[in-house]
Amino acid sequence: MKQFTPILFMAITLGLVAAAIYYLSRRFSLFFPAPGMKGWIWIFSLGLVFAFVGSIAFSELTNPFVTAWSLVGSILLGAFILLLLSLAVTDLLHLFLKPSPALRGWLTVGLTTLLTGYGVWNAYHFRVKEVTIPIRGLTEEIRAVHLTDIHLGNSRGKKELERIVRITRELQPEIIFNTGDLFDSKTHFNGNEDVLDAFRTISVPHFFVFGNHDEQVGLKQVLHRTEKSGVTLLMNRVAHHGELQIVGLNNMLADSDSFDIHATNDSTTVKSVMQSLEIEPERPLIVLHHRPDGIPYMADGGADLLLT
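The letter at position 269 of the sequence shown is residue 271 when you use this note's numbering, and the numbering goes up by one with no holes.
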């Protein structure tokens, strides 16, 4: 059954997309009853699919055209989802206030535009969230930075990573935890430029576990480049830093009965690895895993904190 699950998932997804496009065409024909409105909605929707699929298909190419294509495709996909949500809001509003179809249409367009604009702005403005976490058995405070899902690719590159590293250094951590999806495409694997140069300016221990996007773009390349940049790879093993034990897990399923299309095909699981590692129960333990799966098995293994 498991081998058919991805096919079933794809079929359901395509069905939902088709239903969403039909819903859009019906609503906008009501809001703006101009001749050919349904046709324009279908052209927009198919253009969106073309832009997004094309940006994935050509993700390995490095030129300004593909970069722009990828960026536009990603923004259009986000706008499409926000448009559906905005339509749901105005449909709900119609149940109580009964605005005219034209007003509902302009409210939908305005809300979608505002949310899309905010989303684009938010994607390029990094925020630091400081959290104090008590950990059993830790006698001295440790200042750590958690990085995750940087997604270097056509939309983010060396400049963005340098900003992230600069902010990280300003926080003056004594250790860095990186929980994967560092790369989003093979764009930065080509040429002589090393997009991870900024990591070499970090002088504190930097532990990394890979995510599903790192696997998709080429795990061997990702691991080689991170290791070359002074990053410590934790692949189903334990490392130590002062009083801390740090377990880094591969991107895998919780157990043999689980399924997730984002997990690796590796036969190992969180359950089997946590049971096999030599962990000292009296020492504090932090687990790094790209996805929050297998938490009960981590708890059984003595984990005090999961970073994901």
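All C-beta atoms in this analysis are idealised placements derived from N, C-alpha and C, irrespective of residue type, glycine included.
Query	Result
Looking at Val130 and Leu173, is the spacing between their C-beta atoms short of 8 Å?	yes
Per the contact definition of three or more C-beta pairs closer than 8 Å, is the region 246 to 253 in contact with the region 283 to 290?	yes
Compute the Euclidean distance between the alpha carbons of His315 and Lys161, then round it to the nearest angstrom.	Past the edges of the chain, shown from 3 to 310, lies residue 315, and the structure says nothing about it.
From Gly296, Gly232, Met276, Leu279, pick the residue whose C-alpha is nearest to that of Phe261; which is it?	Gly296
I need the straight-line Cα distance from Tyr25 to Leu85, nearest angstrom please.	11 Å
Find out if the Cβ-Cβ distance for the pair Asp183, His226 is shorter than 8 Å.	no
Please name the residue, chosen from Ala305, Phe201, Ser278, Ile83, that lies closest to Glu284 on a Cα-to-Cα basis.	Ala305
Kindly list the residues whose CB is nearer than 7 Å to the CB of Ser269, restricted to its own chain and excluding five residues on each side of it in sequence; keep chain order.	none
Note the first and the last residue of the continuous alpha helix (DSSP H) segment covering Ile144.	Taken as a continuous stretch (DSSP letters only), Ile144 belongs to no alpha helix (DSSP H), as it is neither H nor E.
With C-beta atoms as the reference, is Glu176 less than 8 Å away from Val206?	yes
Thinking just about the alpha-carbon of each residue, which of Ser88, His127, Pro103, Phe52 is nearest to the one in Thr114?	Ser88
Tell me the DSSP secondary structure of Ser307 in three-state form.	A quick correction: the sequence has Leu, not Ser, at residue 307. Strand at Leu307.
Determine the contact status of Ile137 and Thr170, defining contact as a CB-CB distance below 8 Å.	no
Quick check on the burial criterion: 16 or more other C-beta atoms within 10 angstroms. Buried or exposed for Ala200?	buried
Within 10 Å of its beta-carbon, does Leu99 have 16 or more other beta-carbons around it, so buried, or fewer, so exposed?	exposed
Quick check on His311: buried or exposed, where buried means 16 or more other Cβ atoms within 10 Å of its Cβ?	Since the first residue of the chain shown is 3 and the last is 310, residue 311 is not available in this structure.
Who are the near neighbours of Val197 in its chain, counting only those whose CB is closer than 7 Å to its CB and skipping five residues on each side?	Leu154, Gly159, Lys160, Leu163, His190
Take Leu279 and list the residues in its own chain whose beta-carbon comes closer than 6 Å to its own, dropping the five residues that flank it on each side.	Val240
Could you check how far apart the C-beta atoms of Thr234 and His208 are, in whole angstroms? I think they sit under 8 Å.	6 Å
In the DSSP assignment, find the alpha helix (DSSP H) that holds Arg227 and state where it starts and stops.	214 to 230
Only counting the same chain, and skipping five residues up and downstream in sequence, which positions put a Cβ closer than 7 Å to that of Arg106?	Phe33, Thr92, His96
Look up His96 in the DSSP assignment and say whether it is helix, strand or coil.	helix
Counting only runs that start and end within the region 154 to 205, where is the alpha helix (DSSP H) found for 4 or more residues in a row?	160 to 172
Can you look up Arg106 in the DSSP assignment and give me helix, strand or coil?	helix
In three-state terms, what does DSSP make of Gly49?	helix
Might you give, ordered along the chain, the residues of its own chain that have their beta carbon closer than 6 Å to the beta carbon of Phe30, omitting 5 neighbours on each side?	Met39, Ile43
Using CA coordinates, which residue listed in Phe46, Ala301, His148, Leu78 is at the minimum distance from Ala256?	Ala301
Look up Arg239 in the DSSP assignment and say whether it is helix, strand or coil.	strand
Between Ser274, Leu246, Val275, which lies nearest to Glu143 when the distance is taken from Cα to Cα?	Leu246
Note the first and the last residue of the continuous alpha helix (DSSP H) segment covering Val289.	From DSSP, Val289 is part of no alpha helix (DSSP H) but of the beta strand (DSSP E) over 287 to 290.
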